[in-house]
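**Student:**
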Amino acid sequence: MERTPKGLDLSLSEKLQLPYGPGLHNNLTLSLSNNVTHAMRKPCCDKERTNKGAWSKQEDQKLIDYIRVHGEGCWRSIPKAAGLHRCGKSCRLRWMNYLRPDIKRGVFGQDEEDLIIKLHALLGNRWSLIAGRLPGRTDNEIKNYWNSHIRRKLIKMGIDPDNHKLQQRFPLPHVHQDYAAGASSSSVSMNNDHSRVPVPPFFKSPCAPNNGVSFSSKCCHDEEEETVMISSSPLNLDLTIALPSPRLAIIVEDKPTPNYESSTKRS
DNA sequence: AACGTGCCCAACCGCGAAGTC
DNA sequence: AGACTTCGCGGTTGGGCACGT
Numbered sequence: 001m002e003r004t005p006k007g008l009d010l011s012l013s014e015k016l017q018l019p020y021g022p023g024l025h026n027n028l029t030l031s032l033s034n035n036v037t038h039a040m041r042k043p044c045c046d047k048e049r050t051n052k053g054a055w056s057k058q059e060d061q062k063l064i065d066y067i068r069v070h071g072e073g074c075w076r077s078i079p080k081a082a083g084l085h086r087c088g089k090s091c092r093l094r095w096m097n098y099l100r101p102d103i104k105r106g107v108f109g110q111d112e113e114d115l116i117i118k119l120h121a122l123l124g125n126r127w128s129l130i131a132g133r134l135p136g137r138t139d140n141e142i143k144n145y146w147n148s149h150i151r152r153k154l155i156k157m158g159i160d161p162d163n164h165k166l167q168q169r170f171p172l173p174h175v176h177q178d179y180a181a182g183a184s185s186s187s188v189s190m191n192n193d194h195s196r197v198p199v200p201p202f203f204k205s206p207c208a209p210n211n212g213v214s215f216s217s218k219c220c221h222d223e224e225e226e227t228v229m230i231s232s233s234p235l236n237l238d239l240t241i242a243l244p245s246p247r248l249a250i251i252v253e254d255k256p257t258p259n260y261e262s263s264t265k266r267s
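No gaps in the numbering here: position 121 of the first sequence is 121 in full-length UniProt numbering, and each next residue is one more.
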């Protein structure tokens with residue numbers, strides 16, 4: 001079954017209605033779900049007979065072997081066909097987030113981090129779309145990285161990670177320090193005394209050329225809220241989202257992997 | 001050494017979207 | 001047309017590890 005990934009083809013109107021923060025979307029979802037009962041929904045699998053929790057090496061191997069031969073598709077039937085006591089959803093997640101041969105693991109580079117921030121400013125919490133611009137990275141990985149690293153970092157810098165607004169009331173010297181490395185020509189005029197705050201590098205520089213998303217930001221001073229807004233306009237809204245890197249149906253090589261229950265997570 | 005706390009991240013859950021019957 | 005099925009997404013959880021006391 002071939003589908004167009006959700007939100008892949010952003011219409012111009014959608015591009016212009018930048019989802020600064022997930023608020024709107026979430027509120028909508030919330031209000032809808034409050035009015036709908038899902039009591040009739042069937043469980044996605046027979047929970048009695050399915051394994052849950054961390055995957056064992058044997059389970060991984062079964063899934064890899066199966067997909068190596070048959071390719072991805074029809075996740076619901078894969079567990080049975082592959083001899084796994086897992087639900088299809090769990091198989092899909094394990095494959096997509098961990099076993100796929102094209103997954104790039106390891107620490108995020110500065111360029112990747114900057115790109116994530118830029119894309120988040122533009123797309124909000126649409127992790128799958130963001131992941132589509134970062135070859136080898138999964139939405140789950142990016143989401144985790146955002147929540148555990150970037151989010152905190154932005155807060156520390158005095159930037160609201162939800163709406164990407166620079167808060168005015170933050171200890172400026174701290175921000176100066178943090179931005180020092182990336183600060184050069186561009187700066188933001190913040191206060192009446194014309195003190196200047198360097199713009200974080202991810203707001204200044206255009207994206208890496210091969211990412212196909214370009215930015216230009218200007219800042220303005222929002223008197224009422226006493227925040228410095230990194231305006232979304234005029235943005236180059238060439239947000240043509242390319243399809244994520246093609247996934248291999250056949251795995252050629254075994255990849256060194258994963259963490260299993262007993263393995264250590266950290267070095 | 002023992003305990004508490006915070007962080008990381010794999011995995012789960014619920015739900016909407018899209019396809020099929 | 002509408003019920004049902006399947007997929008994919010985003011939010012959340014919980015186990016395990018690192019680090020501080």
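Each residue gets a CB set at the ideal place from its N, CA and C atoms; glycine is no exception.
(1) Since N130 and L119 are thought to touch, with beta carbons under 8 Å apart, how far apart are those beta carbons, to the nearest angstrom?
(2) Please return the same chain residues whose Cβ sits closer than 7 Å to the Cβ of A81, not counting the five positions on each side in sequence.
(3) Tell whether a beta-carbon distance below 9 Å holds between N125 and K143.
(4) Based on Cα-Cα distance, which residue from V69, P135 and Y98 lies nearest to E112?
(5) With C87 and T50 assumed to form a contact (beta carbons below 8 Å), what rounded beta-carbon distance in angstroms separates them?
(6) Roughly how many angstroms lie between the CA atoms of I64 and D160, to the nearest whole one?
(7) Going by alpha carbons, who is nearest to S56 out of L123, H85 and G109?
(8) Taking its Cβ as the centre, do 16 or more other Cβ atoms sit within 10 Å of A54, making it buried, or is it exposed?
(9) Among residues of its own chain, excluding the 5 on either side of W75, which ones have a beta-carbon nearer than 8 Å to its beta-carbon?
(10) Considering just the uninterrupted stretch of the alpha helix (DSSP H) at V107, what are its terminal residues?
(11) So, are the CB atoms of R94 and E59 less than 9 Å apart?
(12) D102 by DSSP, collapsed to three states: which one?
(13) Fully enclosed by the stretch 140 to 172, which alpha helix (DSSP H) runs are 4 residues long or longer?
(14) Measure the alpha-carbon distance for S128 versus F108 and round it to whole angstroms.
(15) So what's C91 in DSSP terms, helix, strand or just coil?
(16) Let's test the definition: count the other Cβ atoms within 10 Å of the Cβ of G158 and tell me whether it reaches 16, buried, or not, exposed.
(17) Helix, strand or coil for S77 per DSSP?
(18) Out of R100, V69 and G106, which has the shortest C-alpha to C-alpha gap to Y145?
(19) Taking the beta carbon of I150 as the centre, do at least 16 other beta carbons fall within 10 Å, making it buried, or is it exposed?
(20) Should K52 go down as buried or exposed, given a rule of 16 or more other Cβ atoms within 10 Å for buried?
(21) May I ask you to report which of helix, strand or coil DSSP gives R133?
(22) For R126, which three-state DSSP category applies?
(23) Are the beta-carbon atoms of N97 and N140 separated by less than 9 Å?
(24) Taking DSSP as the reference, what is the three-state secondary structure of R86?
**Tutor:** Reading from the atomic positions:
(1) A small correction: the amino acid at residue 130 is Ile; Asn does not occupy that position in the sequence shown. Yes, they are in contact, since the Cβ atoms of I130 and L119 sit about 5 Å apart, within 8 Å.
(2) Result list for A81: Y66, in chain order.
(3) For N125 and K143, yes; Cβs fall inside 9 Å.
(4) The residue among V69, P135 and Y98 with its C-alpha nearest the C-alpha of E112 is P135.
(5) Going by Cβ atoms, the distance from C87 to T50 rounds to 5 Å, so yes, they are a contact pair.
(6) Taking the CA atoms as reference points, I64 sits about 41 Å from D160.
(7) For S56, the nearest C-alpha among the options comes from H85.
(8) Around the beta-carbon of A54, fewer than 16 other beta-carbon atoms lie within 10 Å, marking it exposed.
(9) Only residues of its own chain outside the window of five on either side were considered, and among them G88, K89, C91 and R92 have a CB closer than 8 Å to the CB of W75, listed in chain order.
(10) Counting along the chain, V107 sits inside no alpha helix (DSSP H), nor does DSSP assign it H or E at all.
(11) Yes, they are a contact pair.
(12) Correct three-state label for D102: coil.
(13) Correct list: 151 to 156.
(14) Distance from the CA of S128 to the CA of F108, rounded to the nearest whole angstrom, comes to 17 Å.
(15) DSSP places C91 within a helical segment (H, G or I) once states are collapsed to three.
(16) G158 should be labelled buried.
(17) Looking at S77 - three-state DSSP - the assignment turns out to be coil, as it is neither helix nor strand.
(18) Considering only alpha carbons, the answer is G106.
(19) With 16 or more Cβ atoms within 10 Å of its Cβ, I150 is classed as buried.
(20) By the 10 Å Cβ count, K52 comes out exposed.
(21) In the displayed model, R133 falls within coil according to three-state DSSP, outside both helix and strand.
(22) Here R126 sits in coil by DSSP.
(23) Yes, Cβ-Cβ distance for N97 and N140 is below 9 Å.
(24) In the three-state reduction of the DSSP assignment, R86 falls in the coil class, being assigned neither a helical nor a strand state.
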